[in-house]
Amino acid sequence: MIDLHGFTPALIFGTLMTIKMAFSALALGLLLGMAGALAKTSSSSFLRWLGNCYSSVVRGVPELLWVLLMYFGTVNAMRTLGAALGMPDLALSPFAAGTLALGMCFGAYATEVFRGALIAIPVGQGEAGRALGMGRVRVFFSILLPQMWRIALPALGNLFMILMKDTALVSVIGMGELMRTTQRAVTVTREPFTFYLTAALIYLMLTVISMIGLHWLERRASRGLARA
Amino acid sequence: MHLVVWRAHEDRFLNWDVIFHWLPKLLDGAGLTLQLVAFSVATGLLLAFPLGMARASSHAWLRAFPYLYIFVFRGTPLLVQLFIIYYGLAQFEWVRHGPLWPYLREPYWCAVITMSLHTAAYVAEILRGAIQAVPAGEIEAAYALGMSKRKALQHIVLPRAVRIGLPAYSNEVILMLKGSALASTITLMDLTGMARTIIARTYLPVEIFFAAGMLYLAMSYILITVFRLLERKLQSNG
């Protein structure tokens, strides 16, 4: 097998951190994405403008930049806030900065996906629900959301896998996830191909697990749908 | 690990002089970024069409290779792919003495190759999803009208798929724009690389990242506008 020069436990730990990071950001991102999509399709022009700003600005800047900004750029603000709250050394941990940055980025993309899914549902569905006397909220959760979910799932799956790979960027601000551990190993052993290949295989394994999960979710969501 | 909820009340004075002083250099970097993206998007799209159509095929033998390709390139981070091609390949004797070495030793070409292969995988998958999302009724109608499979593909399925997949594709092109930022990790002086170099000299991360961010925003805004116009032009009603 591949000789990892004793770095196996470190790599396993790094992988666990990667997973933690990804789900953390996913939770934040789904909420922001849904909120953004509702804002963008709402009747209030202010909310539409807000949703547009959020998704356009955040999508327009590389995740790497957001991660760096969230970590280095917030030092002054956090210190001021901390002074006001009586915690002089207040700062965002790499994990927190990474979660905020990646969650924000995921949410911005998820906004577009949810918006597309919302638009793809025939208008008649919502109208039928209203005609039956359902309230707006009920219409959303019982009629729109399940269909949105089915349509959005492949694209969301795409986004989640991108998110999981983006956790590698957090290595830049010193978080001990998989990529950072690999770089440490390369520095020590001078075998870049071995370790980057190993990292690639681990990410692939994570992808397999995600893909299986997503396939199952897609199957579940598409039950009863006709395909030519 | 403490998770801190943060709200920004940035009341600070940005050092605008520094930004304007370094703007020309940043613009140079932006130029390289655009080159990288244009090249990779074009090549990736060319690769993606045969891949995506094969992936959506009903024949299992046709689906196999695209599936593996997409799996590998979607399953690994761009950063790892870049490092393997740029650092990893150079480790092998036969690569260093091979015909492709003049290209493989250059970070620019390594970046273009990696990014093209990477984006082709994603676009192929988007195309696959879009082809399968074409309403069954439209395809059945095409066959009922006597269209051959190829004609149906050319006149009904692909145009419809392109329209369905366009929002997701616009996502992907902008992802490529941001992916290009990773080229800075293999010593390319794209916009991010330039920004990091300037920050190393001036120790003003916020100002320079702000300026770089604004430039990326400008480039993305142009791209988004183009796609919005395209979406509107191709929009089918209902």
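Chains as they are written, first to last, in the working numbering: chain A, 1 to 228; chain B, 1001 to 1238. Quick reminder that beta carbons are idealized off the backbone N, C-alpha and C, glycines included.
* Beta carbon of residue 1115 (chain B) nearer than 9 Å to that of residue 1179 (chain B) -> Locating residue 1115 (chain B) in the second sequence gives position 115, counting from the first residue. Locating residue 1179 (chain B) in the second sequence gives position 179, counting from the first residue. Going by C-beta atoms, residue 1115 (chain B) is nearer than 9 Å to residue 1179 (chain B).
* To do: Starting from residue 1209 (chain B), find everything on chain A with Cβ-Cβ shorter than 7 Å and list it in chain order.
  => Residue mapping note: residue 1209 (chain B) aligns to position 209 of the second sequence, counting from 1. 65, 68, 69 and 73, listed in chain order.
* Closer than 7 Å by C-beta to residue 1204 (chain B): which residues in its own chain qualify, once you throw out the five before and the five after it? Chain order, please. => Counting from 1 along the second sequence, the entry for residue 1204 (chain B) is found at position 204. If we look at residue 1204 (chain B) and ignore the five residues flanking it on each side, its Cβ neighbours are 1015 and 1018.
* Asked: Hey, quick one: how far does the alpha helix (DSSP H) through residue 1160 (chain B) stretch, first residue to last?
  -> One-based indexing of the second sequence puts residue 1160 (chain B) at position 160. Residues 1158 to 1179.
* Can you list the residues of chain B that residue 192 (chain A) reaches, using a CB-CB cut of under 9 Å? -> Locating residue 192 (chain A) in the first sequence gives position 192, counting from the first residue. Going along chain B in sequence order, the residues near residue 192 (chain A) (Cβ under 9 Å) are 1083, 1084, 1087, 1088, 1090 and 1091.
* Within the same chain, show all residues whose beta-carbon is closer than 8 Å to that of residue 58 (chain A), passing over the 5 residues directly before and after it, in chain order. => Position 58 of the first sequence, counted from the start, is the residue given in the question as residue 58 (chain A). Result list for residue 58 (chain A): 66, 104, 105, 107 and 108, in chain order.
* Asked: In chain order, what residues of the same chain have a beta carbon less than 6 Å from the beta carbon of residue 1024 (chain B), not counting five sequence neighbours either side?
  -> Locating residue 1024 (chain B) in the second sequence gives position 24, counting from the first residue. Result list for residue 1024 (chain B): empty, nothing under 6 Å.
* Asked: Looking at C-alpha atoms only, which residue of B:1154, B:1078, B:1067 and B:1040 is the closest neighbour of residue 162 (chain A)?
  -> By 1-based counting over the first sequence, the position of residue 162 (chain A) is 162. The candidate whose alpha carbon is nearest that of residue 162 (chain A) is B:1078.
* Asked: How big is the Cα-Cα spacing for residue 1128 (chain B) and residue 21 (chain A)?
  -> Reading the second sequence from its first residue, position 128 is the one you call residue 1128 (chain B). Reading the first sequence from its first residue, position 21 is the one you call residue 21 (chain A). Going by the C-alpha atoms only, they are around 29 Å apart.
* Chain-ordered neighbours of residue 112 (chain A) on chain B, where CB pairs are closer than 9 Å -> Counting from 1 along the first sequence, the entry for residue 112 (chain A) is found at position 112. In chain order: 1167, 1168, 1170 and 1171.
* For residue 57 (chain A), which residues in chain B fall below 7 Å Cβ to Cβ? -> Locating residue 57 (chain A) in the first sequence gives position 57, where the first residue counts as 1. Simply 1217.
* Asked: I think residue 1188 (chain B) touches residue 1111 (chain B), with their Cβ atoms under 8 Å apart; what is that distance to the nearest whole Å?
  -> Residue mapping note: residue 1188 (chain B) aligns to position 188 of the second sequence, counting from 1. Residue mapping note: residue 1111 (chain B) aligns to position 111 of the second sequence, counting from 1. At roughly 6 Å, the Cβ-Cβ gap stays under 8 Å, so residue 1188 (chain B) and residue 1111 (chain B) are in contact.
* C-beta contact flag for residue 19 (chain A) and residue 206 (chain A) at 9 Å -> Sequence index remark: in the first sequence, residue 19 (chain A) carries index 19 (1-based). Sequence index remark: in the first sequence, residue 206 (chain A) carries index 206 (1-based). Yes, they are a contact pair.
* Asked: Are the C-beta of residue 1151 (chain B) and some C-beta of chain A separated by less than 9 Å?
  -> Taking the second sequence and counting its residues from 1, the one referred to as residue 1151 (chain B) is at position 151. Chain A, which has no Cβ nearer than 9 Å to the Cβ of residue 1151 (chain B), makes this no.
* Would a check of beta-carbon distances place residue 60 (chain A) closer than 9 Å to chain B? -> In the first sequence, counting from the first residue as 1, residue 60 (chain A) sits at position 60. For residue 60 (chain A), the answer is yes, since a Cβ of chain B falls inside 9 Å of its Cβ.
* Asked: Whose CA, out of B:1121, B:1094, B:1027 and B:1087, lies closest to the CA of residue 1067 (chain B)?
  -> Here residue 1067 (chain B) refers to the residue found at position 67 of the second sequence. Selected option, being the one with the closest Cα: B:1121.
* Would you decide whether residue 1061 (chain B) is buried or exposed? Buried here means 16 or more other CB atoms lie within 10 Å of its CB. => As a first step, residue 1061 (chain B) must be located in the second sequence, where it is residue number 61. Counting Cβ neighbours within 10 Å, residue 1061 (chain B) comes out exposed, since fewer than 16 surround it.
* Asked: Does the beta carbon of residue 1071 (chain B) come closer than 9 Å to any beta carbon on chain A?
  -> Translated into the one-based positions of the second sequence, residue 1071 (chain B) becomes position 71. So yes, residue 1071 (chain B) belongs to the interface.
* May I ask you to list, following chain order, the residues of the stretch 197 to 209 of chain A that have a beta carbon less than 7 Å from some beta carbon of chain B? => 197, 199, 200, 203, 204 and 207
* Asked: What is the residue span of the alpha helix (DSSP H) that residue 1183 (chain B) lies within?
  -> One-based indexing of the second sequence puts residue 1183 (chain B) at position 183. Segment: none, residue 1183 (chain B) is in no alpha helix (DSSP H) and carries neither H nor E.
* Asked: Going by the beta-carbon positions, is the gap between residue 203 (chain A) and residue 1080 (chain B) smaller than 9 Å?
  -> The sequence position of residue 203 (chain A) within the first sequence is 203, counting from 1. The sequence position of residue 1080 (chain B) within the second sequence is 80, counting from 1. The answer is yes: Cβ separation under 9 Å.
* Which parts of the stretch 155 to 183 of chain A are runs of the alpha helix (DSSP H), unbroken and 4 residues or longer, counting only runs that do not cross its ends? -> none
* Asked: Can you name, in chain order, every residue of its own chain whose Cβ lies under 6 Å from the Cβ of residue 1166 (chain B), other than the five neighbours on each side?
  -> Here residue 1166 (chain B) corresponds to residue number 166 of the second sequence, with the count starting at 1. 1231.
* To do: Mind reading off the beta-carbon distance from residue 173 (chain A) to residue 68 (chain A)? Whole number of angstroms is fine, and I expect it under 8 Å.
  => On the first sequence, position 173 is the one that residue 173 (chain A) refers to. On the first sequence, position 68 is the one that residue 68 (chain A) refers to. 7 Å between Cβ atoms; contact.
* Listed in chain order, which residues of the stretch 1135 to 1151 of chain B have Cβ atoms closer than 7 Å to some Cβ of chain A? -> 1136, 1139 and 1140
* Asked: With a CB to CB cut of under 6 Å and the five nearest residues on each side skipped, what residues in its chain are close to residue 192 (chain A)?
  -> By one-based count along the first sequence, residue 192 (chain A) stands at place 192. Excluding positions up to five away in sequence, the list reads 186.
* Asked: Does any residue of chain B bring its CB to less than 9 Å from the CB of residue 179 (chain A)?
  -> Sequence index remark: in the first sequence, residue 179 (chain A) carries index 179 (1-based). By this cut-off, residue 179 (chain A) is an interface position.
* Asked: Hey, how far is the Cα of residue 1234 (chain B) from the Cα of residue 224 (chain A)?
  -> As a working mapping, residue 1234 (chain B) is identified with position 234 in the second sequence. As a working mapping, residue 224 (chain A) is identified with position 224 in the first sequence. Whole-angstrom Cα-Cα distance: 30 Å.
* **Residues near residue 150 (chain A) in its chain [Cβ-Cβ closer than 7 Å; skip 5 each side]** => Against the first sequence, residue 150 (chain A) aligns to sequence position 150. Around residue 150 (chain A): 221 and 222.
* Asked: So which of A:3, A:64, A:47 and A:24 has the shortest CA-CA distance to residue 1213 (chain B)?
  -> Taking the first residue of the second sequence as position 1, residue 1213 (chain B) is located at position 213. Closest option to residue 1213 (chain B), Cα to Cα, is A:64.
* By how many angstroms is the C-alpha of residue 168 (chain A) removed from the C-alpha of residue 1034 (chain B)? -> Sequence index remark: in the second sequence, residue 1034 (chain B) carries index 34 (1-based). Sequence index remark: in the first sequence, residue 168 (chain A) carries index 168 (1-based). In a straight line, the C-alpha of residue 1034 (chain B) is about 24 Å away from that of residue 168 (chain A).
* **Contacting residues, own chain, Cβ-Cβ under 7 Å from residue 199 (chain A) (five flanking each side not counted)** => Numbered from 1 along the first sequence, position 199 holds the residue referred to as residue 199 (chain A). Excluding sequence neighbours, residue 199 (chain A) sits near 178, 179 and 182.
* Asked: For residue 32 (chain A) versus residue 110 (chain A), is the C-beta distance shorter than 9 Å?
  -> Start at 1 with the first residue of the first sequence, and residue 32 (chain A) comes out as number 32. Start at 1 with the first residue of the first sequence, and residue 110 (chain A) comes out as number 110. Result yes, Cβ atoms of residue 32 (chain A) and residue 110 (chain A) sit closer than 9 Å.
* How many Å lie between residue 1118 (chain B) and residue 155 (chain A) at the Cα? -> Taking the second sequence and counting its residues from 1, one reaches residue 1118 (chain B) at position 118. Taking the first sequence and counting its residues from 1, one reaches residue 155 (chain A) at position 155. Distance between the alpha carbons of residue 1118 (chain B) and residue 155 (chain A): 17 Å.
* **Short-range partners of chain B found in the stretch 125 to 156 of chain A, where Cβ spacing is below 9 Å** => 151, 154 and 155
* For residue 162 (chain A), decide whether its Cβ has a neighbour in chain B, counting only Cβ atoms nearer than 9 Å. => Taking the first residue of the first sequence as position 1, residue 162 (chain A) is located at position 162. Yes, because at least one Cβ of chain B sits closer than 9 Å to the Cβ of residue 162 (chain A).
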